[in-house]
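If you use our numbering, the sequence shown corresponds to residues 2 to 177, in order. Ideal placement from N, C-alpha and C gives every residue a C-beta, glycine not left out. Here the structure is a predicted model, which means the values were calculated and not measured.
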Amino acid sequence: PPNAGAVSGLRYALECLPGTIVAGDLFDVVPLDENRALVMLGDVMGKGAGAGFVMAMVQTYLTTRASELSDLPKLLDSANRLFFQRFKGGGFVTLWIGIFDRRDLSVQFIDAGHGHWGLLSGGVFRMIESPGGPPLGMIEQVAYASDHLQLGSADRILLYSDGLIEQSNNEGVLFG
2 PPNAGAVSGL RYALECLPGT IVAGDLFDVV PLDENRALVM LGDVMGKGAG AGFVMAMVQT
62 YLTTRASELS DLPKLLDSAN RLFFQRFKGG GFVTLWIGIF DRRDLSVQFI DAGHGHWGLL
122 SGGVFRMIES PGGPPLGMIE QVAYASDHLQ LGSADRILLY SDGLIEQSNN EGVLFG
């Protein structure tokens, strides 16, 4: 999507600084109706054109199925089965996916092995732990569990990819 905008009442901003190689990071904001938007941020295992193609498949599958399967656990269970068959144990996708609802300022979400996110509330940032499930495509039978956050009007969810923490300094040492 564009670097900033509003979808179904949800305002978002994105900063994407492409690296020097093709990779498999994905981000999307999908309107479900006038009050709800689906947001996802994920990362495909590996680098190069293959990871880029897998990322495109994953993003397309999730965005096209999201409107008919807006039940997040069912959506991820379905996606996991498909990706497990496709990857044949040789790949996976970490993913944070959530449905923001402006009517009650809430977000229902699943963290499928992504782990790079948190809540900015009252000027304080805190990482959120959630038992969502493993990355997509790793284990054939998974029962993903969604979690729920009640948000204040000034609260912000901050999502980032591992590309942020995998950057290195001039000596080649990762920032972490």
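Within its own chain, the residues whose Cβ lies closer than 8 Å to the Cβ of A146, once the five positions on either side in sequence are excluded, are P74, I111, P132, G133 and G134, listed in chain order.
A Cβ-Cβ contact shorter than 8 Å links M41 with L63. From the listed residues E16, A80, G25 and V30, the smallest Cα separation to A7 is found for V30. Per DSSP, the unbroken alpha helix (DSSP H) holding S79 starts and ends at L73 to F88. Bridge partners of D148 according to DSSP: F110. By alpha-carbon distance to L39, the top candidate from L96, R127 and V143 is L96. Taking C-beta separations shorter than 7 Å and ignoring five residues to either side along the sequence, the partners of D102 in its chain run N36 and R37, following chain order.
Linking F93 to A5 through their CA atoms gives a straight-line distance of about 28 Å.
Distance from the CA of Q86 to the CA of G123, rounded to the nearest whole angstrom, comes to 44 Å. Looking only at L159, M58 and K89, the smallest Cα-Cα distance to L120 is reached by L159.
In the displayed model, A5 falls within a strand according to three-state DSSP. The alpha carbon of D78 has as its nearest neighbour, out of P32, P136, Q109 and K89, the alpha carbon of P136. With fewer than 16 other Cβ atoms inside 10 Å of its own Cβ, Q142 counts as exposed.
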